[in-house]
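Before any comments, here is the structure.
Numbering (the UniProt record's numbering), first residue to last: 1 to 638.
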């Protein structure tokens, strides 16, 4: 690129300069200016606009740092308050105000926002994105003097350059794009520095990472277009100026960076992911992102203050993953020799020709227990060592003779899980597993004795909510707490996936004040099933008599309500609005936390339902029944 890339534009004469004025993130300015008056005025505007742009990036990062610092302090304060409070402790006005504000914000910001554009994303996430985009939009334009300077071309009478504020503006958005790169990398990290500060799991930042990437792509595109217009149209004579511009090393690297960014953008769209497959997209994304940062360094190394942290964060994330996996698998063999080796998982297969087989994996491993709500990434070496997938253990962690059991449920639809199902279908009863974790947010802080618990799961989503109830089973029951499990499955036989765990809950449900409601959506409704209930099954409870519903394989006390018609041709689903409202009407006192996992449509519906159940004014008045929090399988807490 050269030490003074601007010299090639024939604006400054470095050889005649008596002083080189440094500018952070930019080429040094040659003083005094020996060019024509118009060019010197343009340079004044250009350098002033750049300096203000660097100031705005400093304000941006100071704001982000301040928010994170306040967030960390509030988390620490909340944790200390939670430790010092029990169910008999009267809330302070500060705590009541905090809960009232949280309930108020949930009532407006919890539902999905503009699903056609943003997908199944809460209004809070979109609000944060809009705030960031608004900041960037404003500071892309302010602090720039907009003008036009027509200047002569030296040695070419009658030929003029048209210098405009388009160049300083294009530089400004280029600087802002560079400044966002470290944030983008942090938002994508699994070993997340942001998670340590905020307490939110890394998945909570995926939406912002994706849309921040789109913003960077737009900024880089406008930066490129702006300078192409300047160098290929406004500067004269053409095409000699344009050819000389394209041949410069830093411009070549800029073109390479733009091509790589275009590939990153195209591959990250839903169509790109579908075309290449998720695993291919993920690997290409890692590689292209790092090469892109290297190309940005070649394009404008003066801004390496943003590029170097991006590379450091990326390598720290990769290194931490490797170390975490190695430590987790550093185990003795049967002869007592220590070494890194995969764990062995026992496979139980539940055939399903229509929707894909369901597999249950049980692993006994020497390790520290994880926290309920956390998950692991599982890799199956018999299929591929280059792929891993996140799964939540369906059981509560219990240490027995130094070992902890992991149990997982996965549906084999394609890829590595399909290969694993084929092995099980051919009689293979076990397989090696390499897992990394635990990741995610612990849900134990929501299991306080005064918090009512409603668990709503669809299909294999039972793995997220079941450990919550099993964890409560291990502690002293609270007489003031109401608990309920709502599980929506396709067929009654699917109960067999978690037979042993449901048996434990059934035996302890009276002490827990727990109701179990299970709905089968694709089994035909029989005439003798539940004649006193409506078709939505809103009155079904675990205490229903065996004649009112079809007993499940796990016991007589947990009936399955079949919602389909007698022909079985139309799938029906329970009325979640009615079920949630009925549960809240039964609560005696205290707030409620709704845990949910399952199909996206179900989670989105529950978000809207929970939002309507919150009322900040009623919580402030002392009615905690309207403080309804929401946690779903993307671990974003509300």
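By construction, the Cβ of each residue, glycine as well, lies at the ideal position given by its N, Cα and C atoms.
Backbone secondary structure at residue 423 - three-state DSSP: Translated into positions along the chain shown, residue 423 becomes position 423. Judged by DSSP in its simplified three-state form, residue 423 adopts helix.
Measuring alpha carbon to alpha carbon, tell me which residue in 42, 276, 282 is nearest residue 189. Taking the chain shown and counting its residues from 1, the one referred to as residue 189 is at position 189. Nearest C-alpha to residue 189: 282.
If you drop the 5 nearest sequence neighbours on each side, which residues of the same chain put their C-beta closer than 7 Å to that of residue 48? Looking up residue 48 in the chain shown gives position 48. Apart from the 5 residues on each side of it in sequence, residue 48 has no Cβ closer than 7 Å to any other Cβ in its chain.
Around the Cβ of residue 26, are there at least 16 other Cβ atoms within 10 angstroms (buried) or fewer (exposed)? Within the chain shown, residue 26 is the residue found at index 26, counting from 1. The Cβ neighbour count for residue 26, taken over all protein chains shown within 10 Å, is at least 16; the residue is labelled buried.
Out of 513, 51, 214, 121, which one is the CA nearest neighbour of residue 168? Residue numbering aside, residue 168 sits at position 168 when the chain shown is read from its first letter. Residue 51 is the option with its Cα nearest to residue 168.
What's the call for residue 270, buried or exposed, on a 16-neighbour Cβ count within 10 Å? Taking the chain shown and counting its residues from 1, one reaches residue 270 at position 270. Looking at its Cβ environment, which holds fewer than 16 other Cβ atoms inside 10 Å, residue 270 is exposed.
Residues near residue 386 in its chain [Cβ-Cβ closer than 8 Å; skip 5 each side]: One-based indexing of the chain shown puts residue 386 at position 386. If you ignore the 5 residues before and after residue 386, its C-beta comes within less than 8 Å of the C-beta of 279, 283, all in its own chain and listed in chain order.
Own chain, CB closer than 7 Å to residue 272, minus 5 neighbours either side, in chain order: Counting from 1 along the chain shown, the entry for residue 272 is found at position 272. Within the same chain, 266, 281 come within 7 Å of residue 272 by CB-CB distance, once the 5 residues on both sides are set aside.
Check whether the region 207–226 touches the region 125–132, counting contact only when three or more Cβ pairs, one atom from each stretch, lie closer than 8 Å. In short, these stretches touch, since the Cβ pair count reaches three.
Would you identify the three-state DSSP class for residue 595, choosing helix, strand or coil? Your numbering for residue 595 matches position 595 in the chain shown. Assigned with DSSP and collapsed to three states, residue 595 falls in strand.
Am I right that residue 560 and residue 457 are in contact with their C-beta atoms under 8 Å? What's the rounded C-beta distance? Counted from its first residue, the chain shown places residue 560 at position 560. Counted from its first residue, the chain shown places residue 457 at position 457. Rounded, the Cβ-Cβ distance is 14 Å, inconsistent with contact.
Other residues of its chain near residue 175: CB distance less than 8 Å, five sequence neighbours each side excluded: Locating residue 175 in the chain shown gives position 175, counting from the first residue. These residues qualify, in order along the chain: 25, 50, 53, 54, 57, 303.
What are the boundary residues of the alpha helix (DSSP H) that residue 195 is part of? Taking the first residue of the chain shown as 1, we reach residue 195 at position 195. Secondary structure note for residue 195: its alpha helix (DSSP H) is the uninterrupted segment 193–198.
For residue 594, collect the residues of the same chain with a Cβ closer than 6 Å to its Cβ; drop the 5 residues on either side in sequence, then sort them by chain order. For the purposes of this step, residue 594 is taken as residue 594 along the chain shown, with counting starting at 1. These residues qualify, in order along the chain: 454, 610, 630.
Can you tell me whether residue 24 is helix, strand or coil according to DSSP? In the chain shown, residue 24 corresponds to position 24, counting from 1. If DSSP states are grouped into helix, strand and coil, residue 24 belongs with coil.
Would you mind sorting residue 520 into buried or exposed? The rule is 16 or more other CB atoms within 10 Å of its CB. On the chain shown, position 520 is the one that residue 520 refers to. Residue environment for residue 520: buried (at least 16 other C-beta atoms within 10 angstroms of its C-beta).
Ordered along the chain, which non-local residues of its own chain (more than five positions away) have a Cβ less than 7 Å from that of residue 399? As a first step, residue 399 must be located in the chain shown, where it is residue number 399. Once the five neighbours on either side are set aside, the close Cβ partners of residue 399 are 369.
Candidates 418, 345, 312, of which the one nearest residue 353 by Cα: Along the chain shown, one-based indexing puts residue 353 at 353. Of the candidates 418, 345, 312, the one whose C-alpha sits nearest the C-alpha of residue 353 is 418.
Kindly indicate which three-state DSSP category residue 587 falls into: helix, strand or coil? Translated into the one-based positions of the chain shown, residue 587 becomes position 587. Coil.
Residue of 360, 390, 405 minimising C-alpha distance to residue 397: Residue numbering aside, residue 397 sits at position 397 when the chain shown is read from its first letter. With distances taken between Cα atoms, residue 397 lies closest to 405.
Segment contact flag, the region 490–506 with the region 469–481, C-beta cutoff 8 Å, min 3 pairs: Touching, per the Cβ criterion.
Starting from residue 487, trace the beta strand (DSSP E) both ways and give me its first and last residue. In the chain shown, the residue the question calls residue 487 occupies position 487. Going by DSSP, residue 487 is part of the beta strand (DSSP E) stretching over 483–489.
Going by DSSP in three states, residue 364 sits in which element: helix, strand or coil? Numbered from 1 along the chain shown, position 364 holds the residue referred to as residue 364. Strand, per DSSP.
Give the secondary structure of residue 514 by DSSP, where H, G and I count as helix, E and B as strand, and everything else as coil. Translated into positions along the chain shown, residue 514 becomes position 514. Residue state, collapsed to three classes: strand.
Straight-line Cα distance separating residue 233 from residue 17: Taking the chain shown and counting its residues from 1, one reaches residue 17 at position 17. Taking the chain shown and counting its residues from 1, one reaches residue 233 at position 233. The C-alpha of residue 17 lies about 29 Å from the C-alpha of residue 233.
Between the C-alpha atoms of residue 195 and residue 201, what's the straight-line distance to the nearest angstrom? In the chain shown, residue 195 corresponds to position 195, counting from 1. In the chain shown, residue 201 corresponds to position 201, counting from 1. So the two alpha carbons sit approximately 5 Å from each other.
Answer yes or no: do residue 310 and residue 181 have a C-beta to C-beta separation smaller than 8 Å? Residue 310 sits at position 310 when you count from the first residue of the chain shown. Residue 181 sits at position 181 when you count from the first residue of the chain shown. Cβ distance < 8 Å, so residue 310 and residue 181 count as in contact.
What number of angstroms, rounded off, separates the C-alpha of residue 154 from the C-alpha of residue 34? Here residue 154 refers to the residue found at position 154 when the chain shown is read from its first residue. Here residue 34 refers to the residue found at position 34 when the chain shown is read from its first residue. Those two C-alpha atoms are separated by around 12 Å.
Identify the continuous beta strand (DSSP E) that holds residue 403 and give its terminal residues. For this step, residue 403 is matched to residue 403 along the chain shown. Per DSSP, residue 403 belongs to the beta strand (DSSP E) from 403–411.
Residue 125, enclosing alpha helix (DSSP H) - first and last residue: Against the chain shown, residue 125 aligns to sequence position 125. 123–139 is the span of the alpha helix (DSSP H), which, as asked, contains residue 125.
Can you list, in chain order, the residues of its chain whose CB lies under 8 Å from that of residue 262, leaving out five sequence neighbours each side? What you label residue 262 is simply residue 262 of the chain shown in a count that begins at 1. Same-chain partners within the cutoff: 217.
Identify the continuous beta strand (DSSP E) that holds residue 370 and give its terminal residues. For the purposes of this step, residue 370 is taken as residue 370 along the chain shown, with counting starting at 1. Element bounds for residue 370: n/a, residue is neither H nor E.
Exposed unless 16 or more other CB atoms sit within 10 angstroms - verdict on residue 408: The residue given as residue 408 occupies position 408 in the chain shown. Residue 408 comes out buried.
To the nearest angstrom, report how far apart residue 461 and residue 260 are at their CA atoms. Numbered from its first residue, the chain shown carries residue 461 at position 461. Numbered from its first residue, the chain shown carries residue 260 at position 260. Rounded to the nearest angstrom, the two C-alpha atoms are 37 Å apart.
What whole-angstrom Cβ distance do residue 197 and residue 68 have, given they're in contact under 8 Å? Stepping through the chain shown from its first residue, residue 197 is reached at position 197. Stepping through the chain shown from its first residue, residue 68 is reached at position 68. With a Cβ gap of about 5 Å, residue 197 and residue 68 count as contacting.
Assigned secondary structure, residue 235 (DSSP; H/G/I helix, E/B strand, else coil): Your numbering for residue 235 matches position 235 in the chain shown. DSSP places residue 235 outside both helix and strand once states are collapsed to three, so it counts as coil.
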